[in-house]
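Residue numbers (our numbering): 6 to 535. Let me begin by presenting the structure, written as structure tokens, before commenting on it.
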Ligand code: AMP
């Protein structure tokens, strides 16, 4: 075998981005930045503050908040088993903090009571699956029970704290380093669960209510990739937590998204709204819907047939052509809202009208989870084909409580940033690539020093400057300036440097003018202002 052939075989493998993920490159990233900057600006005018939440959380958080039965949680999450006890089992650390007690008189009986509660919690968590039943976890639990026995023996023997406790206490003290439970962590498939977790964790209910937060960043779902659907995609969203559920809050949140889209000049924007009722009226409606669906069961597809049992509301989501005629005849929730929900819905519509927000009512817009209530909305835009939803949102008054927090009103939305960008590109709203303002064509050592200084001054004044690292012939330099889309070439050769007069060439028309350094800056500033 020749040497060349060996080399070829040994060439390292090339890597590609994982299916469903992609690199965002310039100039497209300039559009992403503009969209995000606009979100920061518009949301701030509505009094929202930015929250940055972790990329991964305990799987259980999503299972509870998004729903264990949903596709998102049951099939689409990226989950790993991680040995990270400290986050969930704060109690271990709290228990540990009882020792050594600075005042010298720790309350051992309190410690032991807390230990009992802790062991019970672990037991329950193993049963519910919150702590997965791995070998390591079962072994850790056995060890925990052994420690409970030791601690119990201290109580039952009724020994006063003294040297005889030392052995057992030393053993217990080594806990946090020896006892760790493996837990499931998942990459976030959405952000509302994390925002609610953060609201509870940081006691934000103590702040003036409502708390208005927005976020932006990547989410992860193992979906089948297609145009407008990725496995790593980006969302920009906001949540209003606490305070009241006044219809004006719903309307203002929607107004904010519409203002944002308006500022971006997004085309073909269509807002659909609906009310899905609340605890008083939705269960009755769902039962009615189920009864009606059972009557037409045979005419429905397999998915819808299954959903009659699991989640009848989801049948209304069906895009299946053959089911559309049947769905049109089903009872509509608007006719079955209780008095309070009907009044709330009417007021939201009135509030939207007061704000000049144009909407369409869509009785089939539903959300399957129990904690969603009353207002739901979805926004579509042009140029996106079948994946044309750019924003989904709604009220979720029960969620914070479901996650262990106080009763808290909540409403929010999530915008699919990838789709928003696609739509802007399709309608020609994407900004053209930003070329350099000035390309500095220099020749000679003295000119190089001047060029470096000129670049510094121009950049300080906010111009985009390309300073070639090595000397080039002027012809080549001008060609390069052209390729980079520069507006001007600043020509610096020996003559220019000794005369103190710099040549500025306008690349669009080839005209050349000589300037002193201050005049040049002044001239460029004026041109920029035009
Ligand atoms: P959801 O969190 O499912 O209510 O989605 C809110 C918005 O996020 C949708 O309207 C889409 O614009 C966007 N979105 C959801 N899933 C994906 C995905 N896999 N790829 C791209 N965008 C998505």
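Positions of the beta carbon are idealized from the N, C-alpha and C atoms, including for glycine. Here the structure is a predicted model, which means the values were calculated and not measured.
Item checked: Through-space distance from residue 299 to residue 241, alpha-carbon basis -> C-alpha separation (whole angstroms): 39 angstroms.
Notebook entry, point to check: Can you list the beta strand (DSSP E) stretches of 3 or more residues lying completely in the segment 380 to 435, in chain order?
Noted result: Listed in chain order, the beta strand (DSSP E) elements of length 3 or more contained wholly in the segment 380 to 435 are 394 to 400, 415 to 421.
Checklist line | Validate contact between the segment 337 to 347 and the segment 284 to 304 using beta carbons, cut 8 angstroms, 3 pairs | finding: Verdict: yes, contact present.
Check: Would the beta-carbon of residue 417 fall within 8 angstroms of that of residue 260?
Finding: No, the pair does not count as a contact, with Cβ atoms beyond the cut-off.
Check: Excluding sequence positions up to five away, which residues of its chain have a Cβ less than 8 angstroms from the Cβ of residue 227?
Finding: Excluding sequence neighbours, residue 227 sits near 25, 80, 81, 82, 83, 236.
Item checked: residue 322 versus 372, 347, 293, residue with shortest Cα-Cα distance -> Nearest neighbour of residue 322 by Cα position, chosen from 372, 347, 293, turns out to be 372.
Next item on the list: For residue 349, count neighbouring Cβ atoms within 10 angstroms of its own Cβ and tell me buried if that reaches 16, exposed if not.
Entry: Buried is the call here.
Notebook entry, point to check: According to DSSP, which residues form a beta bridge with residue 223?
Noted result: Per the DSSP secondary-structure output, residue 223 pairs in a beta bridge with 239.
Check: What number of angstroms, rounded off, separates the C-alpha of residue 522 from the C-alpha of residue 41?
Finding: The C-alpha of residue 41 is placed about 37 angstroms away from the C-alpha of residue 522.
Item checked: Length of the line joining the Cα atoms of residue 430 and residue 140 -> Distance between the alpha carbons of residue 430 and residue 140: 52 angstroms.
Checklist line | Residue nearest to residue 500 in terms of C-alpha spacing, selected from 293, 453, 199, 265 | finding: Sorting 293, 453, 199, 265 by C-alpha distance to the C-alpha of residue 500 places 453 at the top.
Next item on the list: Could you tell me whether any non-hydrogen atom of the ligand AMP is closer than 7 angstroms to the CB of residue 227?
Entry: No; taking the cut-off as 7 angstroms, the Cβ of residue 227 has no heavy atom of the ligand AMP nearer than that.
Note to self: Along the chain, where does the alpha helix (DSSP H) containing residue 289 start, and where does it finish?
What the structure shows: Annotation for residue 289: the continuous alpha helix (DSSP H) segment containing it runs 287 to 300.
Notebook entry, point to check: Where do the ends of the alpha helix (DSSP H) carrying residue 258 lie?
Noted result: Annotation: the continuous alpha helix (DSSP H) that includes residue 258 extends over 252 to 268.
Item checked: Start-to-end residues for the beta strand (DSSP E) that takes in residue 529 -> For residue 529, there is no enclosing beta strand (DSSP E); the residue is part of the alpha helix (DSSP H) that begins and ends at 522 to 534.
Margin query: Only counting the same chain, and skipping five residues up and downstream in sequence, which positions put a Cβ closer than 6 angstroms to that of residue 403?
Written below: In the same chain as residue 403, and ignoring 5 residues on each side of it, the C-beta atoms closer than 6 angstroms to its own belong to 376, in chain order.
Notebook entry, point to check: How would you label residue 334, buried or exposed, when you count the other beta carbons within 10 angstroms and need 16 or more for buried?
Noted result: Exposed.
Check: Straight-line CA distance for residue 365 to residue 55?
Finding: Answer to the nearest angstrom: the Cα atoms are 30 angstroms apart.
Check: Tell me, which residues are paired with residue 280 by DSSP?
Finding: Beta-bridge pairing links residue 280 to 380.
Check: Can you pull the DSSP bridge partners for residue 87?
Finding: DSSP output for residue 87 lists 188 as bridge partner(s).
Checklist line | Segment contact, 8 angstroms Cβ cut-off, at least three pairs: the segment 385 to 403 with the segment 257 to 272 | finding: Yes: at least three Cβ pairs fall under 8 angstroms.
Next item on the list: Just confirm the distance between the C-beta atoms of residue 467 and residue 201, as a whole number of angstroms; I'd bet it's less than 8 angstroms.
Entry: At roughly 42 angstroms, the Cβ-Cβ gap does not stay under 8 angstroms, so residue 467 and residue 201 are not in contact.
Item checked: heavy atom of the ligand AMP below 7 angstroms from residue 220 C-beta -> No, the ligand AMP has no heavy atom inside 7 angstroms of this Cβ.
Check: For the putative contact between residue 337 and residue 368, defined by C-beta atoms under 8 angstroms, what is the C-beta separation to the nearest angstrom?
Finding: Contact flag correct, Cβ pair sits at about 4 angstroms.
Margin query: Assuming residue 189 and residue 66 are in contact, meaning their beta carbons sit under 8 angstroms apart, how far apart are those beta carbons, in whole angstroms?
Written below: With 8 angstroms as the limit, residue 189 and residue 66 do not qualify as a contact, their Cβ atoms being about 10 angstroms apart.
Check: Can we count residue 419 as close to the ligand AMP, meaning its CB is less than 7 angstroms from some heavy atom?
Finding: Residue 419: yes, Cβ under 7 angstroms from the ligand AMP.
Notebook entry, point to check: With respect to 7 angstroms, is the separation between the Cβ of residue 395 and the closest non-hydrogen atom of the ligand AMP below this value?
Noted result: Yes; taking the cut-off as 7 angstroms, the Cβ of residue 395 has a heavy atom of the ligand AMP nearer than that.
Check: How is the beta strand (DSSP E) around residue 509 delimited, first residue to last?
Finding: Following the DSSP letters along the chain, one finds residue 509 inside the beta strand (DSSP E) bounded by residues 507 to 511.
Margin query: Within a Cβ cutoff of 6 angstroms, which residues of the same chain sit near residue 306, ignoring the five residues on either side of it in sequence?
Written below: The beta carbon of residue 306 lies closer than 6 angstroms to those of 325 in the same chain, with the five residues before and after it left out.
Next item on the list: Could you have a look at residue 55 and say whether DSSP puts it in helix, strand or coil?
Entry: Secondary structure of residue 55 (DSSP, three-state): strand.
Next item on the list: Look at the alpha carbon of residue 553 and the alpha carbon of residue 412, and state the distance between them as a whole number of angstroms.
Entry: The first residue shown for the chain is 6 and the last is 535, placing residue 553 beyond what the model contains.
Next item on the list: Using 10 angstroms around the beta-carbon of residue 390, count the other beta-carbons present and answer buried if the total reaches 16, otherwise exposed.
Entry: Per the 10 Å Cβ criterion, exposed.
Notebook entry, point to check: In this structure, does DSSP put residue 41 in helix, strand or coil?
Noted result: When secondary structure is reduced to three states using DSSP, residue 41 falls in the helix class.
Notebook entry, point to check: Which value, in whole angstroms, describes the spacing of the CA atoms of residue 516 and residue 15?
Noted result: Their backbone Cα atoms lie some 54 angstroms apart in a straight line.
Check: Do you know whose CA, among 439, 530, 476, lies nearest residue 32's CA?
Finding: Out of 439, 530, 476, 439 has the C-alpha closest to the C-alpha of residue 32.
Notebook entry, point to check: Taking all protein chains shown into account, do 16 or more other C-beta atoms lie within 10 angstroms of the C-beta of residue 21, making it buried, or fewer, making it exposed?
Noted result: Residue 21 is exposed by the Cβ-count criterion.
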